[in-house]
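**Student:** Protein sequence lines, in the order shown, are assigned to chains A and B.
So the first sequence is numbered by the numbering used here: it starts at 1 and just counts up by one.
So the second sequence is numbered by the numbering used here: it starts at 1001 and just counts up by one.
Quick reminder that beta carbons are idealized off the backbone N, C-alpha and C, glycines included.
Structure provided below as structure tokens; questions to follow.
Number of protein chains: 2
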Amino acid sequence: MLQTPESLQRNLNIEVRTGHNVLAIRPDDRQVEVQDIAAGKTYTESFDKLVLAPGARPIRPPLPGIDHPRVLTLRDIDDMDRIKEVVDAKIERAIVIGGGYIGVEMAENLVERGIAVELVELQDQIMAPLDPEMARPLQYHMEWKGVILHLGAGAQSFEESDGKVRVFLSTGTELLADLVILAVGVRPESDLAKAAGLRIGPRGGIVVNRHMLTSHPDVYAAGDAVEVLNPITGLPALVPLAGPANRQGRIAANHIFGKPGAYLATQGTAIVKLFDMTGGGTGANEKALRASSTPYRKVYVHPSGHAAYYPGTAPIHLKLLFSPDSGELFGAQVVGFDGVDKRIDVLATAIQAGMTVFDLQDLELAYAPPFGSAKDPVNMAGFVGANLLQGDIHLWYAEDHQMAMASGTIVDVRTPEEFEEFHLPGAINLPLDTLRTRHPSLAQERPVYLYCQVGFRSYLAFRILTQLGFDAYTLSGGVVTYCQVHGSEMCDGRPMAPVVPYAEAVSGRCRK
Amino acid sequence: MLQTPESLQRNLNIEVRTGHNVLAIRPDDRQVEVQDIAAGKTYTESFDKLVLAPGARPIRPPLPGIDHPRVLTLRDIDDMDRIKEVVDAKIERAIVIGGGYIGVEMAENLVERGIAVELVELQDQIMAPLDPEMARPLQYHMEWKGVILHLGAGAQSFEESDGKVRVFLSTGTELLADLVILAVGVRPESDLAKAAGLRIGPRGGIVVNRHMLTSHPDVYAAGDAVEVLNPITGLPALVPLAGPANRQGRIAANHIFGKPGAYLATQGTAIVKLFDMTGGGTGANEKALRASSTPYRKVYVHPSGHAAYYPGTAPIHLKLLFSPDSGELFGAQVVGFDGVDKRIDVLATAIQAGMTVFDLQDLELAYAPPFGSAKDPVNMAGFVGANLLQGDIHLWYAEDHQMAMASGTIVDVRTPEEFEEFHLPGAINLPLDTLRTRHPSLAQERPVYLYCQVGFRSYLAFRILTQLGFDAYTLSGGVVTYCQVHGSEMCDGRPMAPVVPYAEAVSGRCRK
């Protein structure tokens, strides 16, 4: 789309042979065997250095009926042309299998084309790179936009039905559609490398060192076909992203020409636009930290994307994961409407710089009302994280609700009206304004588990009670995070009205 | 607007006395003398620690006629109410004096209210925190939106004229308007501190140490009234910004209570929305680096805000300033339409982390077509900066045009059509596609000063010529930066059509 073989020849003196298929690599002979598809013949080509950049191909599990002509995958422009041809024929219903980046983007685009879409995902959340509670607002938003989700369900077989496809799910549900998009992940194109005797890693990708050199000293590899190191766990991982692939290509080229540079790790910074919302993350998520038994702490904040009185903003849901000792950042996830991409990039930069939650407090970010706040959401996350590590605040978490109910007093410090509309099971209501006089009603010997809407009022309540000698904790992220964790419909997925003040925007929509 | 004395009393147990004016501070007695304005009496109040946060007031130079009731300044909500009252009376013409943040924002808002606006600025550029060539696109955009600019002009006197104000400029021009907004800067409110014997700095602000302590051990100060250190020059500076003021308040409070934290410097990260455009910067600008005789290097790039094929993007103009030795970032300026605030914040974070141009190459930023490119504009600036310091590219600059014309051959490597539409004085045209065959037409013994539209094609040309033994240089930022530096109207200030492909968007509008 961007270049032709002729333009690359003219500008860069690179000979590009399209329609030529490499059948085999003989690294020790420094030769490849090439098939000229149009000419119908094969020939041998020599090299001094070889760079493999074959990418990854969509997974097509061997399910009955999966070869139905309306069950399509998406890798390249030809694939998209095939999908577009079907869509242009004015179809009514489509099924997307897989709730990752490609799956949700396909669902969004099909809805925008006026097609009724159902999305099937094996896990009980969409967007697996995010932790479940952070994927929840995106899920509700998709549902509000009309996408029917089948979570915790796998496609088991496909059947022709009068030109349509019938899909049988593991849950017993049958779906019928004009088009099925299979987006259940990709697999590195490492067969050629494997056949050539190059080392393949545990995840099936080509193994490379930090100069992108394979197990053979004259063969490099870069892009979605290689395994990278997860910077937190130190284990091999497959991270098929365009930015890292670009960097790897530069590093391979530099090494061939004796220039410095090394590829150390992939943070996995990624983002998706999903209708009016944006979500993404950088670094490790909580699932990965748990799986690798890495000690961590976490905080949730929900500030608005920019000054709440300036039109066009809505709450940002931001989760920060960091070292319990040094406060070094491990990862961050951000979901919301405006300014989400900016906060992900600032946090990606901070992680790469080895910054801590303490450093985030001091970031001097650009403030004018259309763009942020004098205390940016990233600063706010730093304040809460630093308070936590310094002991200025004690947090409890939504997933500890049963424990809190059993062992302490759960206190809602919001207004009686907010309490009436929704409150945590087992909570009593002591509005912040009354706490300085009404605290004697609380049992001093039991822990007090405070909460409010997003965590600000319960922080003030925590300070008041702590100074009075209570053993108090405040719920990280408040009711908003609680509802995201427990899957209650905190909000109905509606696009946030741009002029709704922050406090209203995040309150009053809990339906549990 | 956000809190009342009552809400602060209830929530935070803080007693707020509005309508009380501090007349004098007696630090050694730990007392202040207070006037209760409503009661018409004064009283003495004691303190253990005192925090001064008086802010800054707009400068009103003692010019003839400046007390005209329609010559207004803007500091607080009352000021804005007065301005709004005049505007609501359906006036036709307004003059804004001062082209800094407040001046240009006032001009924008008045235009949005349907008022004809003229802006008077003493310097020959608007937005002095930016270097002149970076302010230029904002200037053209303002003019396209109908604001008449009087640059290099000062207001000398004001005169009543049938309920309107006549303004006499230093250039001899006379202007007439219904309203004049005076936005020529602010002055720290340090009189009270000075009278109390506290140390005042060379810029007129209150002197504080890194704990925000004044010259008296019981008196702190924070916000626009204090002097901070410029991190590059190490000299005292006044930087009236909301983010730093907030941080200073926290640091003063922490120190009072024996908690850690220090205020080291103000980067001066700032941003302005100006109609459809955004511009801002962080760290030192080139003017400051020159003034302090700090050695530096610079690069300009003009990539699009996000993937050019995805709607809603336009070129970002990005200038990066850094150490010639280590590549450490000194400052950055970013001007454009979409994604400007994000790049400023990423660069502000990188500067705070002590990152170099080499580090910028490796930043793993979030990429999806609506948000960026696989190689983000910040990465691109890092690539060019790193290439420069590694000697992989030699740059020349638009301000060296006379020198280049006198001492070498200026070669335009764009197409003949682009050359025909606009080219640098003295340039010859050798399109990149032809360079590998036509280079013998170039004199080997003279330096070759290459350029193209934004710098990509001339980089390729540089590599070709250098490998052929030429002493070649490529123009940083290409024709786009050339036109911004020399003030030719590179673009007419129109909002960039969101679907115009990048190459077209940045080409073809040079009218010099």
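Relative to the alpha-carbon of B:Pro1311, which residue among B:Asn1254, B:Leu1360 and B:Gly1372 has its alpha-carbon at the smallest distance?
**Tutor:** Taking the first residue of the second sequence as 1, we reach residue 1311 of chain B at position 311. Closest by alpha carbon: B:Gly1372.
**Student:** Strictly by DSSP, which residues pair up with B:Arg1093?
**Tutor:** In the second sequence, counting from the first residue as 1, residue 1093 of chain B sits at position 93. BP columns for B:Arg1093 point to B:Ala1116.
**Student:** What three-state label does DSSP hand A:Thr349 in the structure shown?
**Tutor:** In the first sequence, counting from the first residue as 1, residue 349 of chain A sits at position 349. Helix.
**Student:** Once you ignore the five residues that flank B:Ser1476 on each side, which residues in its own chain have a CB closer than 6 Å to its CB?
**Tutor:** For the purposes of this step, residue 1476 of chain B is identified with residue 476 of the second sequence, where counting begins at 1. Excluding sequence neighbours, B:Ser1476 sits near Val1299, Tyr1300, Leu1395 and Tyr1397.
**Student:** Counting contacts by CB-CB distance shorter than 8 Å, is A:Ser507 in contact with chain B?
**Tutor:** By 1-based counting over the first sequence, the position of residue 507 of chain A is 507. In this prediction, A:Ser507 has a pLDDT of 38, which is less than 50 and means its spatial position is unreliable; nothing more can be read from the coordinates.
**Student:** To the nearest angstrom, report how far apart B:Phe1539 and B:Val1448 are at their CA atoms.
**Tutor:** One cannot answer for residue 1539 of chain B here, as it falls past the ends of chain B, which runs 1001 to 1512.
**Student:** I'd like to know if B:Arg1010 contacts chain A, where contact means its C-beta is closer than 8 Å to some C-beta of that chain.
**Tutor:** Within the second sequence, numbered from 1, the residue matching residue 1010 of chain B stands at position 10. Closer than 8 Å: yes.
**Student:** In the DSSP assignment, find the unbroken beta strand (DSSP E) run with B:Phe1456 in it and report its ends.
**Tutor:** Start at 1 with the first residue of the second sequence, and residue 1456 of chain B comes out as number 456. No beta strand (DSSP E) holds B:Phe1456; the alpha helix (DSSP H) holding it covers Phe1456 to Gln1467.
**Student:** According to a CB-to-CB cut-off of less than 9 Å, which residues of the segment 362-379 of chain A neighbour chain B?
**Tutor:** For the segment 362-379 of chain A, which is checked against every Cβ of chain B, the residues closer than 9 Å are Asp362, Leu363, Glu364, Leu365, Ala366, Tyr367, Ala368, Pro369, Pro370, Phe371, Gly372, Ser373, Ala374, Lys375, Asp376, Val378 and Asn379.
**Student:** Does DSSP classify A:Thr474 as helix, strand or coil?
**Tutor:** Start at 1 with the first residue of the first sequence, and residue 474 of chain A comes out as number 474. If DSSP states are grouped into helix, strand and coil, A:Thr474 belongs with the strands.
**Student:** Any C-beta of chain B sitting closer than 8 Å to the C-beta of A:Gly172?
**Tutor:** Locating residue 172 of chain A in the first sequence gives position 172, counting from the first residue. No, A:Gly172 lies away from the interface with chain B (no Cβ there is under 8 Å from its Cβ).
**Student:** Please decide whether A:Asn387 counts as near chain B, where near means a Cβ-Cβ distance under 8 Å.
**Tutor:** Taking the first sequence and counting its residues from 1, the one referred to as residue 387 of chain A is at position 387. Chain B contact via Cβ: absent.
**Student:** Assuming B:Ile1206 is part of the beta strand (DSSP E), what are its boundary residues?
**Tutor:** The residue you call residue 1206 of chain B lines up with position 206 of the second sequence. First-last for B:Ile1206: undefined, no H or E at that position.
**Student:** Taking the alpha-carbon positions, what's the A:Thr356 to B:Pro1236 distance?
**Tutor:** The residue given as residue 356 of chain A occupies position 356 in the first sequence. The residue given as residue 1236 of chain B occupies position 236 in the second sequence. When rounded, the distance between both Cα atoms is 28 Å.
**Student:** From the DSSP secondary-structure annotation, give me the bridge partner or partners of B:Pro1236.
**Tutor:** To locate residue 1236 of chain B, count along the second sequence from 1; it is residue 236. Paired residue(s): B:Leu1229.
**Student:** Using a Cβ-Cβ distance cut-off of 8 Å, determine whether A:Lys41 contacts chain B.
**Tutor:** In the first sequence, the residue the question calls residue 41 of chain A occupies position 41. Not closer than 8 Å to any Cβ of chain B, the Cβ of A:Lys41 fails to qualify, so no.
**Student:** Against B:Asn1230, what residues of chain A qualify as contacts under a CB-to-CB distance less than 7 Å, listed in chain order?
**Tutor:** Within the second sequence, numbered from 1, the residue matching residue 1230 of chain B stands at position 230. Those do not exist, as B:Asn1230 stays about 13 Å from chain A at its closest Cβ, beyond 7 Å.
**Student:** By Cβ distance below 6 Å, which residues in the same chain neighbour A:Ala53 in space, the five residues on each side in sequence not counted?
**Tutor:** Along the first sequence, one-based indexing puts residue 53 of chain A at 53. Hits under 6 Å: Ala222 and Gly223.
**Student:** So is B:Gln1352 in contact with chain A if we call contact Cβ pairs under 8 Å?
**Tutor:** What you label residue 1352 of chain B is simply residue 352 of the second sequence in a count that begins at 1. Closer than 8 Å: yes.
**Student:** Just mark B:Asp1345 as buried or exposed, buried being the case when its beta carbon has 16 or more other beta carbons within 10 Å.
**Tutor:** For the purposes of this step, residue 1345 of chain B is identified with residue 345 of the second sequence, where counting begins at 1. B:Asp1345 is buried by the Cβ-count criterion.
**Student:** If the cut is a Cβ gap below 7 Å, which residues of chain A does B:Asn1246 touch?
**Tutor:** As a working note, residue 1246 of chain B is residue 246 in the second sequence. Residues of chain A passing the Cβ test: Ala374 and Lys375.
**Student:** Which residues mark the beginning and the end of the beta strand (DSSP E) in which B:Ile1181 is found?
**Tutor:** Working through the second sequence from its first residue, we reach residue 1181 of chain B at position 181. Run containing B:Ile1181: Leu1179 to Leu1182, per the beta strand (DSSP E) assignment.
**Student:** Please say whether B:Leu1229 and B:Ala1265 have beta carbons closer to each other than 8 Å?
**Tutor:** Translated into positions along the second sequence, residue 1265 of chain B becomes position 265. Translated into positions along the second sequence, residue 1229 of chain B becomes position 229. Yes, the pair counts as a contact, with Cβ atoms nearer than the cut-off.
**Student:** Report yes or no: is there a C-beta of chain B within less than 8 Å of the C-beta of A:Met80?
**Tutor:** As a working mapping, residue 80 of chain A is identified with position 80 in the first sequence. Cβ-Cβ to chain B under 8 Å: no for A:Met80.
**Student:** Quick check: what's the CA-CA separation for B:Thr1313 versus B:Glu1108?
**Tutor:** Along the second sequence, one-based indexing puts residue 1313 of chain B at 313. Along the second sequence, one-based indexing puts residue 1108 of chain B at 108. Cα to Cα, the separation comes out at about 22 Å.
**Student:** Given B:Arg1247, which residues of its chain have a CB within under 8 Å of its CB, disregarding the five upstream and five downstream residues?
**Tutor:** Residue mapping note: residue 1247 of chain B aligns to position 247 of the second sequence, counting from 1. So the list reads Tyr1263, once near-sequence residues are dropped.
**Student:** Mind checking which residues open and close the alpha helix (DSSP H) that includes B:Glu1160?
**Tutor:** Position 160 of the second sequence, counted from the start, is the residue given in the question as residue 1160 of chain B. Here B:Glu1160 belongs to no alpha helix (DSSP H); instead the beta strand (DSSP E) covers Ala1155 to Ser1161.
**Student:** Return no unless some Cβ of chain B is closer than 8 Å to the Cβ of A:Thr349.
**Tutor:** Here residue 349 of chain A corresponds to residue number 349 of the first sequence, with the count starting at 1. By this cut-off, A:Thr349 is an interface position.
**Student:** Quick check on DSSP: helix, strand or coil for A:Asn109?
**Tutor:** Here residue 109 of chain A refers to the residue found at position 109 when the first sequence is read from its first residue. Helix at A:Asn109.
**Student:** Mind pulling the chain B residues with CB within less than 7 Å of A:Met106?
**Tutor:** By one-based count along the first sequence, residue 106 of chain A stands at place 106. Those within 7 Å of A:Met106 in chain B number zero; the least Cβ separation is about 13 Å.
**Student:** Can you tell me which of A:Lys41, A:Ser215 and A:Leu149 puts its alpha carbon nearest to the alpha carbon of A:Ala94?
**Tutor:** The residue given as residue 94 of chain A occupies position 94 in the first sequence. With distances taken between Cα atoms, A:Ala94 lies closest to A:Leu149.
**Student:** Suppose you measure from the CA of A:Lys49 to the CA of A:Val208; what does that come to, to the nearest Å?
**Tutor:** Numbered from 1 along the first sequence, position 49 holds the residue referred to as residue 49 of chain A. Numbered from 1 along the first sequence, position 208 holds the residue referred to as residue 208 of chain A. Answer to the nearest angstrom: the Cα atoms are 15 Å apart.
**Student:** Quick check for students: name the residue ranges of the alpha helix (DSSP H) that lie wholly in the segment 378-462 of chain A, counting only runs of 4 or more.
**Tutor:** The segment 378-462 of chain A contains these whole alpha helix (DSSP H) runs: 401-407, 416-421 and 432-438.
**Student:** Quickly, what does DSSP pair A:Arg166 with across the bridge? List them, please.
**Tutor:** Start at 1 with the first residue of the first sequence, and residue 166 of chain A comes out as number 166. Per DSSP, A:Glu159 and A:Leu176.
**Student:** Given a cut-off of 8 Å, decide if A:Arg10 and B:Asp1433 are closer than it, judged by their beta-carbon atoms.
**Tutor:** The residue labelled residue 1433 of chain B in the question sits at position 433 within the second sequence. The residue labelled residue 10 of chain A in the question sits at position 10 within the first sequence. A contact, by the Cβ cut-off of 8 Å.
**Student:** Run through chain A and tell me which residues come within less than 7 Å of B:Val1454, C-beta to C-beta.
**Tutor:** Along the second sequence, read from residue 1 onward, the residue named residue 1454 of chain B stands at position 454. Within chain A, no residue comes near B:Val1454; the closest Cβ sits about 15 Å away, beyond 7 Å.
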